[in-house]
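*Asks:* What follows is a single structure, and I will ask about it in a moment.
In my numbering, the protein residues as written are 2 to 132.
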């Protein structure tokens, strides 16, 4: 009986504010990792602005999350709502970084395929000349 009550209390805690705090911790790490990855990309001039904007926005959201969570709330519902808002903001920042990263990687893959195709065409032309 006591174990069941503790289990249900634990479930209630983890489903709300505490669960959001755990998610925020992993989202913060994900934002840091993705900003580092975005900074390490080989960017073309036209990609620099959107990448810098996504990085700046993600870092700003990370800082704002700290400030929001340090603020005072009066009820459990307020704490859950606030932490849920922070989680949503952080997920949106990560999505922005993911879009920029995938866009650059797609361009790099396309360039690689074009280079490989040119090399294959040259090799085929050389083979025809020899024959």
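Where is the CB? At the ideal position from N, CA and C, for every residue including glycine.
Identify which residue in 80, 45 and 58 has its Cα closest to the Cα of residue 108.
*Replies:* Your numbering for residue 108 matches position 107 in the chain shown. Answer by Cα proximity: 45.
*Asks:* Just to confirm, is the Cβ distance from residue 87 to residue 55 under 8 Å?
*Replies:* For the purposes of this step, residue 87 is taken as the residue at position 86 of the chain shown. For the purposes of this step, residue 55 is taken as the residue at position 54 of the chain shown. No, Cβ-Cβ distance for residue 87 and residue 55 is not below 8 Å.
*Asks:* With the cut-off set at 8 Å, would you say residue 68 and residue 28 are in Cβ contact?
*Replies:* Residue 68 sits at position 67 when you count from the first residue of the chain shown. Residue 28 sits at position 27 when you count from the first residue of the chain shown. No; because the gap between Cβ atoms is not below 8 Å, this pair is not in contact.
*Asks:* Quick one, which of 36, 51 and 8 has its alpha-carbon nearest residue 104's?
*Replies:* Counting from 1 along the chain shown, the entry for residue 104 is found at position 103. The shortest Cα separation from residue 104 among 36, 51 and 8 belongs to 51.
*Asks:* Exposed or buried, what is residue 35 when buried is set at 16 or more other beta-carbons lying within 10 Å of its beta-carbon?
*Replies:* As a working mapping, residue 35 is identified with position 34 in the chain shown. With 16 or more Cβ atoms within 10 Å of its Cβ, residue 35 is classed as buried.
*Asks:* Between which two residues does the alpha helix (DSSP H) containing residue 135 stretch?
*Replies:* Summary: the structure shown does not reach residue 135, with the chain confined to residues 2 through 132, and so no result is reported for it.
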